[in-house]
Structures are given as C-alpha cells and as structure tokens.
Amino acid sequence: MSHDTLARPTKTDEPSRERVTASRRRRHWTRRPNPVAGLGAFIWLVIVLIPIYAMLSASLTGADKALTGNPLKPPSDPTLDNYNTVLTTGFGHLLSNTAIVAVSVVGIVLALSIPLAYVTVRTRDRWSNAAFRLFLLGVAIPAQAVVVPLYLLIAKLDLYDTLLAVILPTAAFAMPVSVLVLVGTLRDVSEDLYEAMALDGASPLRMLFQLTIPLAKGGISTVVIFSALQAWNGFLFPLIFTQSDEPRVLTLGLFNYVSQFGINIPALLASVVLSGIPIFAVYLVARRALVGGLMGVGGK
Amino acid sequence: MTVTVEKTPTARKGPAHHASRTGRPHAAWALPGVLFFTFFAVVPMALALYLSFTSWDGLGDPRPVGLDNWRKLLDDPRMAQSLWLTVVLTVASWVFQTVVALLLGVWAAGRQRNRAILSAVFFVPFLLSSTAIAILFYALLDPNFGIIQKDTLGSQSGAFLAIVFVGGWQFIPFHTLIYQGGARQIPDVLYQAAAIDGAGRYRQFFSITLPQLRHTITTSTVLMVVGSLTYFETVLILTKGGPGTDTAILPYLMYEAGFKTYDFGYASAIASFLVIAATGLSLILVRLTGFGAMRSTREGM
Numbered sequence: 006m007s008h009d010t011l012a013r014p015t016k017t018d019e020p021s022r023e024r025v026t027a028s029r030r031r032r033h034w035t036r037r038p039n040p041v042a043g044l045g046a047f048i049w050l051v052i053v054l055i056p057i058y059a060m061l062s063a064s065l066t067g068a069d070k071a072l073t074g075n076p077l078k079p080p081s082d083p084t085l086d087n088y089n090t091v092l093t094t095g096f097g098h099l100l101s102n103t104a105i106v107a108v109s110v111v112g113i114v115l116a117l118s119i120p121l122a123y124v125t126v127r128t129r130d131r132w133s134n135a136a137f138r139l140f141l142l143g144v145a146i147p148a149q150a151v152v153v154p155l156y157l158l159i160a161k162l163d164l165y166d167t168l169l170a171v172i173l174p175t176a177a178f179a180m181p182v183s184v185l186v187l188v189g190t191l192r193d194v195s196e197d198l199y200e201a202m203a204l205d206g207a208s209p210l211r212m213l214f215q216l217t218i219p220l221a222k223g224g225i226s227t228v229v230i231f232s233a234l235q236a237w238n239g240f241l242f243p244l245i246f247t248q249s250d251e252p253r254v255l256t257l258g259l260f261n262y263v264s265q266f267g268i269n270i271p272a273l274l275a276s277v278v279l280s281g282i283p284i285f286a287v288y289l290v291a292r293r294a295l296v297g298g299l300m301g302v303g304g305k
Numbered sequence: 024m025t026v027t028v029e030k031t032p033t034a035r036k037g038p039a040h041h042a043s044r045t046g047r048p049h050a051a052w053a054l055p056g057v058l059f060f061t062f063f064a065v066v067p068m069a070l071a072l073y074l075s076f077t078s079w080d081g082l083g084d085p086r087p088v089g090l091d092n093w094r095k096l097l098d099d100p101r102m103a104q105s106l107w108l109t110v111v112l113t114v115a116s117w118v119f120q121t122v123v124a125l126l127l128g129v130w131a132a133g134r135q136r137n138r139a140i141l142s143a144v145f146f147v148p149f150l151l152s153s154t155a156i157a158i159l160f161y162a163l164l165d166p167n168f169g170i171i172q173k174d175t176l177g178s179q180s181g182a183f184l185a186i187v188f189v190g191g192w193q194f195i196p197f198h199t200l201i202y203q204g205g206a207r208q209i210p211d212v213l214y215q216a217a218a219i220d221g222a223g224r225y226r227q228f229f230s231i232t233l234p235q236l237r238h239t240i241t242t243s244t245v246l247m248v249v250g251s252l253t254y255f256e257t258v259l260i261l262t263k264g265g266p267g268t269d270t271a272i273l274p275y276l277m278y279e280a281g282f283k284t285y286d287f288g289y290a291s292a293i294a295s296f297l298v299i300a301a302t303g304l305s306l307i308l309v310r311l312t313g314f315g316a317m318r319s320t321r322e323g324m
C-alpha cells in the first residue's frame, strides 16, 4: 500500500503541466500548520482506534479471564482459542454463502444497469428518460419499507429460505445508485467517438463493448464495490427471507452468535474480527478504487 | 449507410427513428433492468400500500379491513413516540456526523502525507458491517465486560446516545470521504484571492469552503437521512428497542409488528408511512438544494 495514494490529485482533464503548478501554488497556502484541526483529527483517531484495539485485545483473551478483565488491558496470556471456537462452528459455510451472494449481486447489477445507463445516455427517447426518473426516485425507497410485501412475493415465488431470496432483492436495491453513478460516468464519453465508430458501421452493441465499457471503467468499479459492500453487509433481507442453516450468510451468522456464545464475549468479538478480514483484505488491495469511487459521490 | 445524413447536427439530435443509422441502441435495452427493479422494488411498494388496508397474519390470505390499520397508526401511542424518536435520532445523527465529517474531510483534503495515512486509518470502521459494529459495541458497552463499567444501554439517554455514537462511528468515514472529494474540487484561486485580501484561515473556511461545499452537504444529507433508517440493525442488536420502548425507531416498530406479532397489515401501514415520509423528505431536499442538477447537466450532452 503506498502511503501517498490519497495525496495524489484527483483525475482531471487539464494537462499535467498545469496540474503541477496548481499543486505547487496550493502548497503555498496549505503548508501552514493548523494546530486546532490537527488536534481534532488526533482526537478522532483515538475514537476510531480504541474500539478496534479493545476488540482485538479482547478476542485474544481466554474465555475464563473475560469476565474479570477490562478490554482496554492487553491480554496477559494471549490465546487463539476464541478464533478456533468460531472457525469450528461453521464460519466457512457462512463465508462462502456471503461470497456467493456478493458475486451474484454484482453480476446482476452490472448486467442490468450498464445497458440501462447506456440507453439513458445514448438516446433521447422519452421511455429511457422515464426509466432514468424511475431510478432517480428509487434512491429514496428504504428497503425496510418494502420488506413485508417482499416477504409475500418471495413466499409466492417459492424462494423463501434460499440464497436467491437474498440475492434478488439485494440486487434490485443496489440498482438505483448504480444507475446514477453509471449515467454520470457514461455521459463523459465523447459523442465524437460514437460518431467515429458509427462511420465504421459499428453496431450499438459493439460500441458498448469496445468503447463505452472500456472508457467507463472508473464508474463501473465504483458500482462493483458499492454493490458488493451492500451484499456483504446486508442484514435485513437475510434476517427475514431465510431461516435455516443452509442459506445463512455472515451477518446473520454473527447475529446468531450473540445468542449462541451468550456470555462468551471474546468468542463473539473474534467472530467480528474474522468477519472483517475479507473486506479488509480487499481494502488493502483495491484501496485506490474504493476510496476514489466513493469520493466521487460528493465531488460531482 | 448514408454518411452525409449522420454528419449534420440535426440528424445527431434528431428523433428516435434515426437511431439505427447513428448506431444508437434501442430503448428496449433498458427493459430488463426496469422490469427487474419494478418487480422487486416498485411493485412491493404498491403492495405495501394494499396490505396496509388488510389484515394478514402471514399464513392465510390477506383480508380487507379498510382503514383499520391506519386508524390504529394514528391512535397508537407507540407510533407517536417512535416517530418522535426517529426524527430526534435523525437530527442528532445529522448534526454529529455532518460537523465531524465536514471538518475531517476539509482537513484531509490537504496534501500532506500524514493526512493521507490518517485518512486511511479513519476509513477502517466503514469496512465492518453494521451488524459487526453493533455487536462490537454491544460487547464494549456490556456492564460487566465493557470499557465503561456502567449499564449504559440500560438507561434511556445512554441507549439513545450509544445509537447516535455508533452510527457516527460507522458512517463518518464515508461522509468524510465525500467532503474530502468535495473540498478537493474547490478552485485554488478563490483561496489565493482571499489570502491576498488578507482573509485568515477561519474567514476562508466560512466564506469560501462552506459555501462551495453546499452541493456536497446536500448529497451527504440526503444519504444520511435515507441512511438513518438503516439504524435498524444497530437498534435490533444493541438495545432491542429498549429500555422499554425508548429506542424503538419506526423501522424497528414495523419489524416488531410484522415479524414478532405477525400483524402484517399494521406493519404495512407503518411501512407505507415510511415510504411516503422518506420520498417526501428526499423530494423536498432535492428541490430546496438543486440536487436535481443531475437533470440539467443532461441537456448539455
């Protein structure tokens, strides 16, 4: 992980020479230290780190010592027993279910949102305009509000207690933001490029695959990350649409650990740590795409 | 293919029947996505409204009961409490998260290396799921085991503040990132001009940074307001709506009505109310602040 990733200027269209002078000029006024802001940032750092530290330290504490110890004290006799306990109670199964959900959701969202955004940007047809409006409104639909009727639909479709019952609604609710992000990105592809390809007799399908998608990689990776995170962290749909062990996902498994491990808080915290490791690994690898993609939300 | 027609601007901006000649996709490409979304999000919304006029225990068929559920909604003292709680929680979270995220975001937008490293650390809580975070704080606030050896979650104000704090701990990283992105886009010349005029750091913050971030504030606010409904997980795990009913926000009330007492008609009435309130609120925010600028930029394509 390179430390200065965040420090790199965001991508702009201006030539690089101008960018260099801009950053040199910027340095001129931001270099002065700001003790108040620095102190604030330090306080937030402490607030962020204390719970994480307490979680790690407690998860390494033996179950027998847990009730007497304060989680802020480093464990006197660190042990991996708690991790062992969690890993032997079907954690792998939960993990693979969650991975299946995440991959399927990303697949569905991409397959449906890209053509939709492409049509919205490329045609001035009033139907595609109406479709775009639908998704603009869809951003405001809280998943909580439709969970009862969805429960009815899922039951009627005979999908209750299957992974599909989690995958399909999760994908649908990841679509509005994905469409908005993609429309924003695809709009930046120059009309001249399309015309050039049209002159070569390219079909709309070929333009999509050879021009639009390659040029929209940034927006597409944002959508991938966003929908994968939603699928990975989703709790309500699994809670209500599944019941048995077979289709249980990670978040619901964690929730069940609360009653299963009961008073064994160190084991509970070990399961929380384990649940965070896969996404943390992705973060280490794809940090720039992740952070850059999310940052774009406010920059537009 | 007739090349000459395509080159004229009128053909480019022309009506849809030119589509095939300029290589434009057919509107039907949008259909699978629209149908899918309609089936799993729009139809359920309409269905929620329908179910709110029925009595249904989840097993038999829904039975129409007219306005009964809605009358119950208006008379239910828990509903009034819950609505008030939801509003207070949303406002408190908004204040906490906006103030911290804005300050951190503007600070992190600077170019120094230490800020980049710190920003990376700040982001870590966002990587845990709401469920994991709720469980983490459930453990850390345990009266016997936890950091604070007091029954924080057992008192009304303690439970409420815990939910606000845990929500902030989780979502401030995300909003910080949004503000960081927004602050990076403010043109340097504004600050240079202000510096020449002798404006100090705080003057610059209030006269340049804040006004320039107004669209970012809107975006972040809309996301926070809609997102405050996702506190459901936090409430379910951390407090189960308690002590008593003191943290039973609307989504939690709906969950209890539906999936604990199997009164799906009443749950649907609460859900419909949520949809109407959330949509109304988003529309107002969008209107007031020009978030709908998304549409006007489309005209320039």
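Chains as they are written, first to last, in the working numbering: chain A, 6 to 305; chain B, 24 to 324. By construction, the Cβ of each residue, glycine as well, lies at the ideal position given by its N, Cα and C atoms. These numbers were taken from a predicted model, which means no experiment stands behind them.
- By the Cβ test, the region 281 to 299 of chain A is not in contact with the region 110 to 129 of chain A, since fewer than three Cβ pairs between them sit closer than 8 Å.
- For a cut-off of 8 Å, the C-beta gap from Asn92 (chain B) to Tyr275 (chain B) is around 18 Å, too long to register as a contact.
- From the listed residues A:Phe96, A:Ile55, A:Asp163, A:Ala104, the smallest Cα separation to Asn238 (chain A) is found for A:Ala104.
- Under the DSSP definition of a beta bridge, Pro252 (chain A) lacks any partner.
- Excluding sequence positions up to five before and after Thr167 (chain A), its CB lies within less than 7 Å of the CB of Pro252, all in the same chain and listed in chain order.
- Within 7 Å of the CB of Pro174 (chain A), the CB atoms of chain B belong to Phe63, in sequence order along the chain.
- Counting along the chain, Trp237 (chain A) sits inside the alpha helix (DSSP H) bounded by residues 222 to 238.
- Apart from sequence neighbours up to five positions away, the residues of its chain that approach Ser280 (chain A) with a beta-carbon distance below 7 Å are Leu255, Leu259, ordered along the chain.
- Nearest CB-CB separation between Phe146 (chain B) and chain A: below the 8 Å threshold.
- Taking a C-beta cut-off of 8 Å against chain A, the contacting residues of the region 130 to 146 of chain B are Trp130, Ala131, Gly133, Arg134, Gln135, Arg136, Arg138, Ala139, Ile140, Leu141, Ser142, Ala143, Val144, Phe145, Phe146, listed in chain order.
- Note on Thr270 (chain B): 16 or more other CB atoms within 10 angstroms of its CB, so buried under the neighbour-count rule.
- CA-to-CA, the gap between Ala301 (chain B) and Leu142 (chain A) works out to about 11 Å.
- As a beta-bridge residue in DSSP terms, Thr77 (chain B) pairs with B:Pro87.
- Here Val126 (chain A) is actually not in contact with Leu173 (chain A); their C-beta atoms are around 26 Å apart, not less than 8 Å.
- Put simply, the backbone Cα of Gln235 (chain A) is about 7 Å away from that of Ala179 (chain A).
- Using a CB distance cut-off of 8 Å, Thr244 (chain B) does not count as an interface residue toward chain A.
- Contact annotation: Val189 (chain B) and Ile158 (chain B) have beta-carbon atoms that are not nearer than 8 Å.
- Residues of the region 255 to 272 of chain B with a C-beta less than 7 Å from any C-beta of chain A: Phe255, Glu256, Ile260, listed in chain order.
- Unbroken alpha helix (DSSP H) stretches of 4 residues or longer found wholly inside the region 117 to 197 of chain A: 131 to 143, 152 to 161, 168 to 191, given in chain order.
- Less than 8 Å separates the beta-carbon of Ala185 (chain B) from that of Leu176 (chain B).
- For Phe160 (chain B), the CB contacts under 6 Å within the same chain, skipping 5 residues up- and downstream, are Val189 in chain order.
- At a C-beta separation below 8 Å, Tyr123 (chain A) has these neighbours in chain B: Pro48, Trp52.
- The beta carbon of Gln215 (chain A) sits no closer than 8 Å to any beta carbon of chain B.
- Pro166 (chain B) counts as exposed, since fewer than 16 other C-beta atoms from the protein chains shown sit within 10 angstroms of its C-beta.
- Along the region 153 to 183 of chain A, going in chain order, the ones with a CB nearer than 8 Å to a CB of chain B are Val153, Pro154, Leu155, Tyr156, Leu157, Leu158, Leu173, Pro174, Ala176, Ala177, Phe178, Met180, Pro181.
- Distance from the CA atom of Arg292 (chain A) to the CA atom of Ala233 (chain A), rounded to whole angstroms, is 14 Å.
- Judged by DSSP secondary structure, His198 (chain B) falls within the alpha helix (DSSP H) whose first and last residues are 179 to 207.
- From the listed residues A:Ala207, A:Pro56, A:Leu187, the smallest Cα separation to Phe140 (chain A) is found for A:Leu187.
- Rounded to whole angstroms, the gap between the alpha carbons of Leu112 (chain B) and Leu151 (chain B) is 22 Å.
- Just so you know, the alpha carbons of Asp98 (chain B) and Val66 (chain B) end up roughly 28 Å apart.
- Three or more Cβ pairs drawn from the region 119 to 134 of chain B and the region 188 to 203 of chain B lie within less than 8 Å of each other, which places the two stretches in contact.
- As the crow flies, the alpha-carbon of Ser243 (chain B) is around 33 Å from that of Leu74 (chain B).
- The three-state reading of DSSP puts Arg47 (chain B) in coil, since its state is none of H, G, I, E or B.
- Exposure of Asn89 (chain A) is indicated by the presence of fewer than 16 other C-beta atoms within 10 angstroms of its C-beta.
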